[in-house]
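See structure below.
Protein chains: 2
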Amino acid sequence: MPRISILRSRVLGFPGRMAAAREPQLVQPPKGTRDFKPEQMMVRKRVFGIVSKVFEQHGAVSLDTPVFELRETLTGKYGEDSKLIYNLEDQGGQLLSLRYDLTVPFARYLASNKVTSMKRYQIGKVYRRDNPSRGRYREFYQCDFDIAGQFSAMIADAEVIKVVVELLDSLDVGDYQVKVNHRKLLDLVLASCGVPEDKFKSICSAIDKLDKSPWDKVRTEMVEEKGLSPEVADKVGEQVSKKGNATDMLAYLNAYLGESQNATEVLEGMETLFGFLEAGNCLHRVVFDLSLARGLDYYTGVIFEAVFTGSTQVGSIAAGGRYDNLVSMFGGKEVPVVGLSLGIERVLLILEEREKANKVARTKETQVLILYLGKNMHKQAFRLASELWAASLNVEFDAIATSKLKNKLDMAGKSFIPFVVVVGEDEEKKGVVQLKEIVVKKSQEEENKQKEEIPRNELAKTILSRLQK
Amino acid sequence: MPRISILRSRVLGFPGRMAAAREPQLVQPPKGTRDFKPEQMMVRKRVFGIVSKVFEQHGAVSLDTPVFELRETLTGKYGEDSKLIYNLEDQGGQLLSLRYDLTVPFARYLASNKVTSMKRYQIGKVYRRDNPSRGRYREFYQCDFDIAGQFSAMIADAEVIKVVVELLDSLDVGDYQVKVNHRKLLDLVLASCGVPEDKFKSICSAIDKLDKSPWDKVRTEMVEEKGLSPEVADKVGEQVSKKGNATDMLAYLNAYLGESQNATEVLEGMETLFGFLEAGNCLHRVVFDLSLARGLDYYTGVIFEAVFTGSTQVGSIAAGGRYDNLVSMFGGKEVPVVGLSLGIERVLLILEEREKANKVARTKETQVLILYLGKNMHKQAFRLASELWAASLNVEFDAIATSKLKNKLDMAGKSFIPFVVVVGEDEEKKGVVQLKEIVVKKSQEEENKQKEEIPRNELAKTILSRLQK
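Here it is in structure tokens:
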């Protein structure tokens, strides 16, 4: 140990081996990550509760998978975004990476366990080596709901979109739209414009940027980087600008694409989907939008994205689609799946902005605070607290010998603790306690009128019955 | 793409880029990790609920920290176990490691936010590159409860041990003991045997192995590896074999250690602690055990470990102690902390072994299954389901066109779904539904007697009122 540390440890009075500490600059969490503090945890628990309830209303079961997967499980699933995957160091044994989303682990789970039909939800953290910015983190929660299995055409797709609407309505996020499109329809439209088949994928990922970049920039990418002729690019630009309600768009596309078998199949599928959404009373939220492309490679059918249209600038708050080939990439049977991912961090951003005005500071549910007056009464306080814990009450006791009664009562008020029990030596001898009910303060009299003497062995019963009122 | 993949993709009928898949051996989760399946998630949710309730009864607030920390935050905190820490690959930017426990991140949180007083709980996964074995995983949950701050002597320590007892009793794990010791007492005992001060730490970590290794082996380690004389080792062996109830052990130690100021202080502290535990009605669970050493470096005071004494071989199921110097290692003020960590995976192992006999397969809470008879009735089923979802019911509908009514009714029974709604074309015309209440089958008659015709617009109300009974 260097001399200076020995000196420091002697001065501060703790053992030398503990004092060999690092310097102060190391105390923050890693870049792009956050500690969730008690007040945030209260909001999160409430929000996750609402989300789970919606998923469970639809009969979904809960699943949890490891935070890391074999590196090869993630390889080749995310296209250009693969560079954002966190790898673990090679410390011997298997090569591992942190999960990038909950979709690929779910597909891997289905393959691992040879499951061919399952409706599951998962709420968990995912990891991306992205540049942190407002509402964008390197560690964040996703809430996923997926339906795996072979069902009647479009009914699972419709249920997933219905769940998106129920989630956003239950969370009361405000105004939003659900953009809907179909990967195969996009391919047909691209073909109709003269895009060669081997460029579908790269042109799709250019179209995907239209919600952030202006058309001019996307057009340049199509022509200069991806080798499309300017005429074809302009035709694509014209088509992907089309959006509207289901009826109008189906009429337009039936006319535009003509009667090829492929077009008829896809458009009939979309008609079935919209029929379900109308029956499920959520078609009014839907916009049929040809510019919706979704970046990820694995989608094969219906795709959708819910976009917040209120004042907070967050963009997409839920998204998903059908991916029928992903499970078989893990060596098993093909299992068709359609699912959604709720961007819960952005939803929380919206809710937090709105709730800033009427913020409630309560971070715990303590019901009783026990205060003992006089010295050396901590053992009695602990005994009384233990009696109330045994009666299932949430109890804290004063564990600081020195501070003043007034301060302690203020603390109870600030923490929204509804009952304070005060005991001194007199009460202890008589076998009673002073019970004080803290009411919302309107006037000084009201605050103070609630103090009563209660026999100690009736305390738990008394508090429990008043809490039920 | 190699020729064979093109061929395979054509034969299987899906796009070539999706078929360029890896071979089947890659579909499992990483070694030492598990997927938590729906039936396990049901148990976990129940158990985490019980654990959270106990923590909240004591006024603890909830906290969540990132899964990884700066590598330097973890460095030098775990002694010999540091080799088990998972590092992330250096992909540019900060060097990161996965958290090894929830204690060091909590201490880092207190330092980061300059918090000097906090009662918090955290339930989360931690990561160790250990050899997987029964009940030992590389990714597993811990449930931590810690009290940070300056309070009257031993009252926080007593509350933490009280919480251990409440947790294990609420979880109904069966027989267990809580071993208690004090780091400074152990130092005094080692000094009394003639162990030089600079060997306290290494001899402590040898003593820590006594719950797994026989004395002979530990003695050899002390003498041959750690350079203790055989006579001193034998004296240590004699002392650390002492254990018993609080009164007997305090009498023994008062006599054995004599009246040095250090000894008197520590023993008075232990007496205060046991006084609290008696007042809190949990002293009968406690054994004062001089062989308890706890491996980790950071403990500075009371240490404890709950050991399961029932038939399942799991050993320690909860442990903790006081660490007063850890927070200041992150550059801030010294904040005294005492806390516990519940080994929830081992508790689950005990509960699962016991519950194997009366296993319940229910993995979800679906209340209503909707079956439509006849072709092309899916849209009607979706509409009816949407009406019931809107009434907050948990509803699934039959989304497979082909299977038989008998099979579907069996499915409802197996899934413990209490209500089945059957609708055919006749019912649809008349505006009614057939409601079937699935009762536990005792005889064939009983199973079938519950079918009734209900007006469709009264369905939600009828089911809700029956569920409340």
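Sequences listed follow chains P and E, in order. Quick note on numbering that gives the first Met the number 0: the first sequence kicks off at 0 and runs consecutively. Quick note on numbering that gives the first Met the number 0: the second sequence kicks off at 0 and runs consecutively. Ideal Cβ placement from N, Cα and C applies to all residues, glycine included. Since we're looking at a predicted model, the values are computed, not measured.
Relative to the Cα of GLY342(P), the nearest Cα in the group GLN121(P), LEU87(P), ALA106(P) belongs to GLN121(P). If only uninterrupted beta strand (DSSP E) runs of at least 3 residues are considered, those enclosed by the stretch 340-399 of chain P are 367-371, 394-396. Counting the other CB atoms within 10 Å of its CB gives ARG465(P) a total below 16, which places it among the exposed residues.
If you compare the alpha carbons of ASN112(E), VAL159(E), ASP80(E) with that of ASN130(E), the shortest gap goes to ASP80(E).
For VAL217(E), the enclosing alpha helix (DSSP H) begins and ends at 214-219. Here the C-alpha atom of GLN467(P) lies approximately 27 angstroms from the C-alpha atom of ASP171(E). The C-beta separation of LEU370(P) from VAL306(P) comes to about 53 angstroms, leaving the pair out of contact by the 8 angstroms criterion.
With the rule of 3 Cβ pairs closer than 8 angstroms, the stretch 328-342 of chain E counts as touching the stretch 131-148 of chain E. If you look at TYR322(E), you'll find it in the beta strand (DSSP E) that goes 315-322. A Cβ-Cβ contact shorter than 8 angstroms links LEU166(P) with VAL50(P).
Partner residues in the beta bridge of ASN180(E), as assigned by DSSP, are ILE302(E). Two segments are said to touch when three or more pairs of C-beta atoms, one from each, lie closer than 8 angstroms; by this definition the stretch 315-323 of chain E touches the stretch 292-306 of chain E. Comparing alpha carbon positions, the residue from VAL285(E), TYR136(E), ILE349(E) closest to GLY309(E) is ILE349(E). Look at the beta carbons and you see the stretch 52-65 of chain E touching the stretch 30-47 of chain P: at least three pairs across the two are nearer than 8 angstroms.
In the three-state scheme derived from DSSP, where H, G and I count as helix and E and B as strand, LYS36(P) is classed as coil.
Around the Cβ of GLU352(E), a 10 Å sphere holds fewer than 16 other Cβ atoms; the residue is exposed. With a 10 Å radius around the Cβ and a threshold of 16 neighbouring Cβ atoms, ALA390(E) comes out exposed. Taken atom to atom, the span from the alpha-carbon of LEU187(P) to that of ARG33(P) is near 44 angstroms.
Of the candidates VAL285(E), LEU109(E), GLU237(E), the residue whose Cα lies closest to the Cα of LYS178(E) is VAL285(E). Comparing C-alpha distances from ARG43(P) to each of PRO29(P), PHE139(P), ASP233(P), LYS76(P) shows the shortest one belongs to PHE139(P). Boundaries of the alpha helix (DSSP H) harbouring ALA245(P): 245-256, taken from the DSSP string. The closest CA to that of SER290(P), considering only LEU325(P), GLN238(P), ALA278(P), ASN244(P), is found on GLN238(P). In chain order, CYS281, ARG284 place their CB closer than 6 angstroms to the CB of VAL164(E), counting only its own chain and leaving out the 5 sequence neighbours on each side.
Contact annotation: GLN141(E) and ASP89(E) have beta-carbon atoms that are not nearer than 8 angstroms. The alpha-carbon of HIS181(P) is positioned some 12 angstroms away from that of GLU267(P). For ARG293(P), there is no enclosing beta strand (DSSP E), since its DSSP letter is neither H nor E. Under a criterion of Cβ atoms nearer than 8 angstroms, the residues of chain E adjacent to ASP34(P) are, in order, LEU62, ASP63, THR64, PRO65, TYR108, SER111, ASN112. Within chain E, no residue has its beta carbon less than 8 angstroms from that of PRO195(P); the closest one is some 15 angstroms off. In its chain, beyond the 5 residues on either side, GLU386, LEU387, ALA390, LEU392 have a beta carbon closer than 7 angstroms to the beta carbon of ALA459(E). Under the 8 angstroms criterion on CB atoms, GLN467(P) is classed as non-interfacial with respect to chain E.
LYS198(E) is outside the set of residues whose beta carbon lies under 8 angstroms from a beta carbon in chain P. Using a CB distance cut-off of 8 angstroms, THR246(E) does not count as an interface residue toward chain P.
Three or more Cβ pairs closer than 8 angstroms define a contact, and the stretch 231-251 of chain P meets that threshold against the stretch 191-198 of chain P.
Going by C-alpha positions, HIS377(E) is about 25 angstroms away from ASN324(P). Taking 7 angstroms as the cut-off between beta carbons, the residues of the stretch 270-291 of chain E near chain P are GLY274, PHE275, ALA278, GLY279, ASN280, in sequence order. According to DSSP, residue pairing for PRO454(P) in a beta bridge involves VAL431(P).
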